[in-house]
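In my numbering, the protein residues as written are 148 to 388.
C-beta atoms are modelled at their ideal positions from N, C-alpha and C, and glycine is treated no differently.
Source: prediction; values computed, not measured.
Beneath this line is the structure, given in structure tokens, with notes to follow.
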Amino acid sequence: MFCVTCSSRCATNIHSMSTAAMLRAAGVGAGDEVIVPAFGNVEVAEAVTLAGATVVFADIDPMTYCLDPRAIEAAVTPRSAAVVVVHRFGRTADMVRLREIGQRHGLLVLEQGESEEPYDEVAQRRQRAAYLDGRLSGVRTPDSGDGHTYQQYVVRVPGNGRPDRDAFARAVRARGVECRVPVKTPVHRMPGFRRDVHLPETERAADETLALPVDGTLTKREMQRIVSACNALGGLLQPAF
């Protein structure tokens, strides 16, 4: 799902178009820069390249995993033409501030959101997330925030001078709990998009995040297994806070 915030560069509603088509329709192309997150899928950066513009990566907010408005402000140059905002894991970016930045600098602001879901499914996930929030130890549980839909329940496994997140994930899987690393490699580390840019929160999130099950179909026993498996491994970690 895409939404568009119009500025002087954009005068039409183009919700149904792809990211690259949206940028081209707004006149964004060669010689322009488009600010995007490096934490997430490579497709957004590829769309900017497809439109003929230059990718500029900005850092994320560590609580929402979405673009940090302050980082966007720091990334704006005279060539900046647009920002592509990606909502992550069921949390939304601070669109009020991002739209203000877009208006102030004359930038097109595109939002890439997640599909809307039935209320009952979201309510079930929130219920299971609340259960995990109250029982997990040794990991940093996600910030609930306003309107979190928990499309993924993403915890932090703090480092201890080594990649504890990966060891933690293997140990949790060995205890019968499925989990996955949501973003294995930030886009600014990938071939074709490598940048010498300082993105500390993006790097930290890529190293520490782990998605645990939170599906609405999980039974009480399955939830207890998740908690038991994770809490049994608390000795691997330094305190979460």
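Along the stretch 310-380, the beta strand (DSSP E) occurs as fully enclosed runs of 3 or more residues at 356-359, listed in sequence order. The shortest CA-to-CA distance from Q274 to any of M169, K367, V243 and V324 is the one to K367. Within the model, the alpha-carbon separation for E369 versus D280 is close to 15 Å. Separation of A192 and A229 (C-alpha to C-alpha, rounded to the nearest whole angstrom) is 12 Å. With respect to the C-alpha of V334, the residue from V344, A173, G253 and E258 having the closest C-alpha is V344. The three-state reading of DSSP puts Y212 in coil, since its state is none of H, G, I, E or B. Within the model, the alpha-carbon separation for A376 versus S227 is close to 47 Å.
About 11 Å separates the Cβ atoms of E180 and A205, ruling out a contact at the 8 Å cut-off. By the Cβ neighbour-count rule, E355 is buried, with 16 or more other Cβ atoms within 10 Å of its own.
Selection A316, Q371 and R287 evaluated against P305 yields R287 as nearest (Cα-Cα). Going by DSSP, R287 is part of no beta strand (DSSP E) at all; its letter is neither H nor E. Take P329, set aside five residues on each side of it, and the residues of its chain with a beta-carbon closer than 8 Å to its own are F236, Q299, V301, T356, L357 and A358, in chain order.
Counted as a single uninterrupted DSSP element, the alpha helix (DSSP H) harbouring E193 occupies residues E190 to L197. Rounded to the nearest angstrom, the gap between the Cα atoms of N188 and H234 is 12 Å. Listed in chain order, the non-local C-beta contacts of T332 below 6 Å within the same chain number zero, local neighbours out to five positions each way being set aside. By a beta-carbon distance limit of 8 Å, A352 contacts P209. Their separation comes to about 7 Å. The beta carbon of M337 sits closer than 7 Å to those of V189, all from its chain and outside the five residues before and after it, given in chain order. Between R327 and Y297, the gap from beta carbon to beta carbon reaches 8 Å or more. Contact between I207 and T349 is confirmed by a C-beta separation of about 5 Å, below the 8 Å threshold.
Taking 8 Å as the cut-off, the Cβ atoms of I248 and P225 do not count as close.
E258 sits buried, since 16 or more C-beta atoms from the chains shown fall within 10 Å of its C-beta. Judged by DSSP in its simplified three-state form, L245 adopts helix. No Cβ-Cβ contact shorter than 8 Å links V243 with A222.
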